[in-house]
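Trainee: Input: one structure, supplied below.
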Amino acid sequence: MEYESKNTFNEQLLKKRSTVLKIKEIMIKYFLRLNAFAASFFILLIFYFLLRESYEAFKVIGIERFFWQSNGSADASGKLFEWYPTSDNPRYSIIPLLAGSLLTAFPAVAISTIFGVIIGVFMSEVISNKFREILKPVIEMFAGIPTVVLGFFMLAVGAEIVRELFGPFTRLNAFLASVGLSFIVIPIIASLTEDALRSIPREVRMASYALGATRWQTISRIVLPAAVNGISAGIILGFGRAIGETMIVLMASGNAAIITIDIFSSVRTITATIAAEMGEVSQHSAHYFALFFIGVFLFSATFILNLIADIIFSRLKKRIRF
Amino acid sequence: MKEIKIQLKNLSVFFNYIQALNDVSLDFYSNKVTSIIGPSGCGKTSLLRTINRMNELIAGFLRKGSVFIDGIDIYDEKIDVVNLRKLVGMVFQTSNLFPKSIYENLIFAPKLHGISDKSDLNEIVERICTQTAIWDEVKDRLNENALNLSAGQQQRLCIARALAVEPNILLMDEPASALDPISTAKIEELIFDLKSRYTIVIVTHNMQQAARISDYTAFLYLGQLIEFGKTTKLFTNPANKQTEDYITGRFG
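Shown next, in the form of structure tokens:
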């Protein structure tokens, strides 16, 4: 009797899985694998395509002319930093475009850091869970507004307000674009600040309270310093978003490729240049390749920024192990 | 001579209308160690946290009855909770050092309460570390991140940190429950040393620990004080049947 039951157990154990089940398993495995490969393959293709086209730019235009034009004579150094790709004497300097991008992105990040961190602290430390569950989606919704709508809003409404308040020389300017960008960068920084603050364990706050700290002392001396990595990662990601954003700057910045530090001056960003000119450029012309070059430049810049933010994030995870 | 340091009078505590403590009256004596024992959820921690008003940080907290320290009602409107927590230090179940350097952890509270002179701060750090017998282990690594210390060292550093503002009373919420036996022994030794300067109230799950370190023991069950007395008496000759059942391991 005992021997018999043992035998059936062995039979159970040695029984083969049905072939249909086996094939199903294999198919699922390969299907998922194929998808994963395809996704990364397409990204690599995009990168390859960008690189190939911008390599042409080096051959046709040459690297020096991406920064300045030396055969001009307007400047004391004999160098022209200008973006005039369609002129008879075309100039392809990326410098005014980069200056424009930075002049819109930096103020946008500055504005967004102030408001984003304040909102993050407010959401994490001040309001009740119930209120936060309403407020957070509302804030994050701002990041989801189509940027063309924001651009249009800045163009139609924001420009009037800015003109009344500051009386800028040009109606559309870098400041106006920065404010527009803030609408999408603030939610990023606020959301990541809130996450970083809330990842600080309750016990640590309790320790601070138990030592006689007030709520504000606990936030400013313990919670915020402990969350500084997460907050700075949020700021870097926000910067990447501001540099890469196209529609708002295209509509609100005025698009004059000028090198300036005047925030109320009209500027032209890298992204707006690509968006505005790519549709009208003749294929495989020098201008066409130049646009690819500045595209690669932008791609690399945002890639590096995201990488830095990623590294900071993983450091944060390692460091805080309560 | 027994001198009453903390006095609980008809204390009841509720969280969201659920009763955690029911009409507890209890005295803690100066420079003695009092253990609070009892099964999980019996209100030990709630009781402890009424003494430094930490319960107020929890939503839905409601209190009836009063708590006196040196004869002063600490729930009086005039009492500033910051001053109260300067006098009543607390050590938690798991070490909760700030993610900062050892030195910064120790000077956090003194700085908060207005000491900014560098040499004064250094003096405090050395004094509290010596008091908690951790000075030799940390003196060469004061600028290291406190979270690099071992779990036992972290917990002793938490005790040191709690002493930095010179409290009179030290509350400990299962300070050794997450530690190995050797670290636990060190903490117990420390509690024994600190007794001469502080009034210590310790919550513990470990009955042997209560028997080893405390002068008095209170047994709580379902929010009620079942028995309070000298530790030697309570563990050898409990007056109450429930106490006897609990300490002999028949329930809980």
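As given, the protein sequences belong to chains A and B, one line each in that order.
Per the working numbering, residue 1 is the first one in the first sequence, and the count goes up by one each step.
Per the working numbering, residue 1001 is the first one in the second sequence, and the count goes up by one each step.
Glycine included, every Cβ here is placed at the ideal spot set by N, Cα and C.
Bear in mind the structure is a predicted one, so any value in this text is a computation, not a measurement.
1. Please state whether DSSP places I1018 (chain B) in a helix, a strand or coil.
2. Below 7 Å on C-beta distance, what does V1082 (chain B) contact in chain A?
3. The beta strand (DSSP E) with T1217 (chain B) in it runs from where to where?
4. How many angstroms separate the CA atom of I270 (chain A) from the CA atom of R132 (chain A)?
5. Could you tell me the boundaries of the alpha helix (DSSP H) in which I1107 (chain B) lies?
6. Of all the residues that make up the segment 122-155 of chain A, which are near chain B by a beta-carbon distance shorter than 7 Å?
7. Is the beta carbon of V1082 (chain B) sitting closer than 7 Å to the one on R1053 (chain B)?
8. Can you tell which of A:Y209, A:M27, A:S253 has its C-alpha closest to the C-alpha of A156 (chain A)?
9. What are the residues of the segment 217-235 of chain A that lie near chain B, defined by any Cβ-Cβ distance shorter than 9 Å?
10. Could you list which residues in chain A have their beta carbon closer than 7 Å to that of M1090 (chain B), in chain order?
11. Taking the C-alpha atoms as reference points, what is the distance between L1149 (chain B) and T1094 (chain B)?
12. Can you check DSSP and say which residues form a bridge with R91 (chain A)?
13. By the 10 Å Cβ neighbour count, where 16 or more other Cβ atoms means buried, how is N1105 (chain B) classified, buried or exposed?
14. In the DSSP output, which residue or residues are listed as bridge partners for Y1029 (chain B)?
15. Can you find a CB in chain A that lies within less than 7 Å of the CB of R1156 (chain B)?
16. Do you know whose CA, among B:L1097, B:P1099, B:I1074, lies nearest L1087 (chain B)'s CA?
17. Could you list which residues in chain A have their beta carbon closer than 8 Å to that of F1228 (chain B), in chain order?
18. What residues are listed by DSSP as bridge partners for I1169 (chain B)?
19. Quick one: residues in its chain with C-beta nearer than 7 Å to the C-beta of F1015 (chain B), no 5 flanking neighbours on either side, listed in chain order?
20. From the DSSP output, in three-state form, read off E280 (chain A) for me.
21. Less than 7 Å between CB atoms is the rule here; does A196 (chain A) satisfy it with respect to chain B?
22. Return the residue from the list B:K1032, B:I1018, B:G1038 that minimises the CA-CA distance to D1245 (chain B).
23. Got a sec? Which residues, its chain only, sit under 7 Å from T218 (chain A) by beta carbon, not counting five neighbours each side?
24. Going along chain C in order, which residues have a C-beta closer than 9 Å to the C-beta of K1086 (chain B)?
25. Can you give me, in chain order, the residues of the segment 1195-1223 of chain B that have a beta carbon less than 9 Å from any beta carbon in chain A?
26. For the ligand ADP, is there any heavy atom lying closer than 6 Å to the beta carbon of F1015 (chain B)?
27. Is V179 (chain A) close to chain B? Criterion is C-beta to C-beta, closer than 7 Å.
28. Which bits of chain A does F1015 (chain B) rub up against, with CB to CB less than 9 Å?
29. Could you please give me the residues that DSSP links to I1072 (chain B) through a beta bridge?
30. Report the neighbours of M1172 (chain B) on chain A: residues whose CB is nearer than 8 Å to its CB, in chain order.
31. Between the segment 139-159 of chain A and the segment 173-184 of chain A, do three or more beta carbon pairs fall short of 8 Å?
32. Would you decide whether M1172 (chain B) is buried or exposed? Buried here means 16 or more other CB atoms lie within 10 Å of its CB.
33. By the three-class DSSP mapping on this structure, what secondary structure does K15 (chain A) have?
34. Judging by CA-CA distance, which residue of A:T214, A:V249, A:E277 is the nearest neighbour of A290 (chain A)?
35. Helix, strand or coil: which one does DSSP assign to F67 (chain A)?
36. Please work out which residues of its chain come closer than 6 Å, Cβ to Cβ, to N306 (chain A), disregarding the five sequence neighbours upstream and downstream, and give them in chain order.
Mentor: A quick look at the data gives this:
1. strand
2. G212, T214
3. 1216-1221 is the extent of the beta strand (DSSP E) around T1217 (chain B).
4. One C-alpha to the other measures close to 37 Å.
5. 1102-1112
6. Closer than 7 Å at the C-beta level to chain B, one finds no residue of the segment 122-155 of chain A.
7. no
8. A:S253
9. Q217, R221, I222, P225, A226
10. A210
11. Roughly 14 Å separates the two Cα atoms.
12. A:Y84
13. buried
14. B:I1004
15. Answer no: the Cβ-Cβ gap between R1156 (chain B) and chain A never drops below 7 Å.
16. B:I1074
17. Here the premise fails: no neighbours, minimum Cβ distance about 25 Å.
18. B:V1088, B:T1199
19. I1058, G1060, F1061
20. coil
21. Answer no: the Cβ-Cβ gap between A196 (chain A) and chain B never drops below 7 Å.
22. B:G1038
23. Excluding sequence neighbours, T218 (chain A) sits near R205, S208, Y209.
24. Absence of chain C from the displayed structure is noted, the protein chains being A and B.
25. none
26. The model depicted lacks the ligand ADP and carries no ligand whatsoever.
27. no
28. In chain order: nothing, as chain A lies at least about 16 Å away.
29. B:I1069
30. What M1172 (chain B) touches in chain A: nothing, since even the nearest Cβ is about 11 Å away.
31. yes
32. buried
33. Assignment of K15 (chain A) by DSSP, reduced to helix, strand and coil, places it in the coil class.
34. Among A:T214, A:V249, A:E277, the Cα nearest to that of A290 (chain A) belongs to A:E277.
35. coil
36. G240
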